[in-house]
Amino acid sequence: MWRLLYSLAIRAAVPFILVRLWWRGRQEPFYRKGIGERFGYYRDKPSGQPPIWLHAVSVGEARASAGLVRGLMTAHPGCEFLLTCMTAAGREALRELHGESVHIAWLPYDYPASVRRFLEHYRPRLALLVETEIWPNLVAACGEYGVPVLLANARMSEKSALAYQRWRGLTRPAIAALAVVCAQSEEDAVRLRALGARRIEVTGNVKFDSTPEAARRNEGKSWRARLARPVLLLASTREGEEKMLLEAMPDWDAKVLVLVVPRHPRRFDDVSLLTQSRRSRDPLPSAQDRVHLGDTMGEMDFYYAAADVAVIGGSFAPLGGQNLIEACAAGVPVVLGPSMFNFTEATRLALEAGAALQVADAAGAIREAMELLSDPVRRVAMGKAGKKLSEAHRGATQKHLLLCDEFLKTAATAAARD
């Protein structure tokens, strides 16, 4: 009954969904392409070999799962790979990360007929949903088609758990139907078990397994050397944060360059109004520029390598923060705002290790960042702590791969019997 009501509700939303796609397509034209895929209609011709399918909703999940995809490719060189997403930026990130080695498509909206068309078209042998992408009709259809679903790098904040509990008539059957949940931490595992998960493995966070790309890292260091100025990075900022952080800057004389990298590319032009130059047009800022816009995709390794201190966005409004692990792995001291509930465990570990500082507001973040810029000894110590933390928590990807192998072997055995 709950799933029927849910399906009726989202069916009624179709006109609004189409309007939203058109509206977002004004700034990101890719939203207006492949709309049929959103409803389970695909033009490509499957090779006939059932693919391993991974769903990464947007850029963060695409980057987090990159090592897992590469590991699966190495372990299963003869397999086809299907990667799906929901956002234009996510699709672009998947293409940049994996090129033509995978097939990339939109995941259909969670209508019963749409997800059935999707599964009938691709016939995946294994599904990996990254972090908290639990769609009731999709998971139910996977069960009907015999597709085991692994929830990869799963996290469940206290806030999200309350929302799932509120809609437990709908969410509990979906979570219970997951073949296995790979939880980032014991706390995530406890919450997911309480929500109905039957098999949970605490695997850790695959984001700790990512290492900065050498070429981008070297390019960033070279850029910083040519600049010959301290660089304060405002990383993955969300709407309104750039203004509040820049307004908190003390009067400064262009000795410090503030490098702003917004979380979403659709906001690049708006944020450019607060800057004097942008990377896509001015590869190296002039000596008089105070604020430089990082308006390129897939270059976070470059930006972190170029930075002396990083302030992590998404944490100064109640949004739950953005990924701080990339900064730690790059050896950059991290300053966090108060809202980091999407990265609770990583935040706790970074604070305990001395790799990060957490403050109450934007003014506090800028104050701490400026103090770090003037204290190279403390800055180096925090950077080393971040690298050590990242190295100590690697291994989650390998644990995921072992679980994937388990289900792939079971599927292969069942197919051989048939």
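Heads up, the sequence shown is in the working numbering, so the first residue is -15 and it goes up one at a time. All C-beta atoms in this analysis are idealised placements derived from N, C-alpha and C, irrespective of residue type, glycine included. Please read all numbers here as calculations on a predicted model, not as lab measurements.
How many whole angstroms separate the CB atoms of residue i and residue j, which I take to be in contact at a CB cut-off of 8 Å?
{"i": "S323", "j": "G305", "result": "6 Å"}
{"i": "L179", "j": "Q149", "result": "7 Å"}
{"i": "A339", "j": "L373", "result": "5 Å"}
{"i": "L356", "j": "P302", "result": "No, L356 and P302 are not in contact; Cβ-Cβ is about 25 Å, not under 8 Å."}
{"i": "F72", "j": "E12", "result": "The amino acid at residue 72 is misidentified as Phe; the sequence shows Ala. That belief holds up - the Cβ atoms of A72 and E12 are roughly 4 Å apart, short of 8 Å."}
{"i": "L67", "j": "V86", "result": "5 Å"}
{"i": "L218", "j": "L229", "result": "6 Å"}
{"i": "G315", "j": "G370", "result": "6 Å"}
{"i": "S194", "j": "G51", "result": "6 Å"}
{"i": "E336", "j": "Q168", "result": "Between Q168 and E336 the Cβ distance is about 16 Å, and since that is not below 8 Å, they are no contact."}
For the beta strand (DSSP E) containing residue i, list its first residue and its last residue.
{"i": "W90", "result": "H87 to W90"}
{"i": "I19", "result": "Here I19 belongs to no beta strand (DSSP E), and DSSP marks it neither H nor E."}
{"i": "S220", "result": "V215 to T221"}
{"i": "W37", "result": "I36 to H39"}
{"i": "Q342", "result": "A340 to Q342"}
{"i": "C166", "result": "V164 to A167"}
{"i": "P360", "result": "P360 -> not in any beta strand (DSSP E); alpha helix (DSSP H) instead, spanning P360 to A376."}
{"i": "H276", "result": "V275 to L277"}
{"i": "F65", "result": "F65 to C69"}
{"i": "P423", "result": "A query on residue 423 cannot be resolved here, the shown segment of the chain reaching from -15 to 402 and no further."}
{"i": "V319", "result": "V318 to L320"}
{"i": "L113", "result": "L110 to V114"}
{"i": "A294", "result": "V293 to I296"}
If you draw a straight line from the alpha carbon of residue i to that of residue j, how long is it in whole angstroms?
{"i": "M70", "j": "R100", "result": "17 Å"}
{"i": "P30", "j": "H105", "result": "7 Å"}
{"i": "A353", "j": "A232", "result": "11 Å"}
{"i": "A147", "j": "L154", "result": "11 Å"}
{"i": "P35", "j": "M57", "result": "11 Å"}
{"i": "E375", "j": "E223", "result": "32 Å"}
{"i": "G24", "j": "D94", "result": "10 Å"}
{"i": "P96", "j": "W(-14)", "result": "13 Å"}
{"i": "I19", "j": "G74", "result": "16 Å"}
{"i": "Y26", "j": "F65", "result": "16 Å"}
{"i": "G367", "j": "L110", "result": "39 Å"}
{"i": "N326", "j": "W236", "result": "33 Å"}
{"i": "D279", "j": "V240", "result": "19 Å"}
{"i": "R47", "j": "S220", "result": "13 Å"}
{"i": "L135", "j": "R251", "result": "31 Å"}
{"i": "W90", "j": "P196", "result": "28 Å"}
{"i": "Q382", "j": "A138", "result": "15 Å"}
{"i": "R183", "j": "G9", "result": "40 Å"}
{"i": "G62", "j": "E115", "result": "26 Å"}
{"i": "E128", "j": "E76", "result": "31 Å"}
{"i": "P157", "j": "L(-11)", "result": "15 Å"}
{"i": "H276", "j": "R247", "result": "15 Å"}
{"i": "M281", "j": "R79", "result": "11 Å"}
{"i": "F0", "j": "A163", "result": "33 Å"}
{"i": "S98", "j": "L176", "result": "27 Å"}
{"i": "H60", "j": "H39", "result": "18 Å"}
{"i": "S49", "j": "E117", "result": "13 Å"}
{"i": "S256", "j": "K17", "result": "27 Å"}
{"i": "R332", "j": "L341", "result": "10 Å"}
{"i": "L258", "j": "Y287", "result": "19 Å"}
{"i": "F391", "j": "L385", "result": "10 Å"}
What's the call for residue i, buried or exposed, on a 16-neighbour Cβ count within 10 Å?
{"i": "M140", "result": "buried"}
{"i": "W37", "result": "buried"}
{"i": "W151", "result": "exposed"}
{"i": "V359", "result": "In the sequence as presented, Val is not what sits at residue 359; that position holds Asp. It is exposed - the Cβ of D359 has fewer than 16 other Cβ atoms within 10 Å."}
{"i": "T394", "result": "exposed"}
{"i": "G297", "result": "buried"}
{"i": "W207", "result": "buried"}
{"i": "R487", "result": "In the structure displayed, the chain extends from -15 to 402; residue 487 sits before or after that span and is not available."}
{"i": "E170", "result": "exposed"}
{"i": "L216", "result": "buried"}
{"i": "R362", "result": "exposed"}
{"i": "A(-3)", "result": "exposed"}
{"i": "D285", "result": "buried"}
{"i": "L2", "result": "exposed"}
{"i": "P214", "result": "buried"}
{"i": "R263", "result": "buried"}
Starting from residue i and walking both ways along the alpha helix (DSSP H), at which residues does that stretch end?
{"i": "P403", "result": "The first residue shown for the chain is -15 and the last is 402, placing residue 403 beyond what the model contains."}
{"i": "C126", "result": "P120 to E128"}
{"i": "C312", "result": "I309 to A313"}
{"i": "E185", "result": "First-last for E185: I184 to V186, but that is the beta strand (DSSP E), not the alpha helix (DSSP H)."}
{"i": "L135", "result": "Taken as a continuous stretch (DSSP letters only), L135 belongs to no alpha helix (DSSP H), being part of the beta strand (DSSP E) at V133 to A138."}
{"i": "T155", "result": "R152 to A160"}
{"i": "W236", "result": "Run containing W236: none; DSSP gives neither H nor E here."}
For residue i, decide whether its Cβ has a neighbour in chain C, counting only Cβ atoms nearer than 8 Å.
{"i": "C388", "result": "In the structure shown, chain C does not exist; there is a single protein chain."}
Q | Cβ contact (3+ pairs, closer than 8 Å) linking the region 119 to 128 and the region 308 to 322 | A | no
**Q.** Contact between the region 267 to 287 and the region 172 to 188 (3+ Cβ pairs under 8 Å)
**A.** Contact between the region 267 to 287 and the region 172 to 188 is absent: fewer than three C-beta pairs spanning the two stretches fall below 8 Å.
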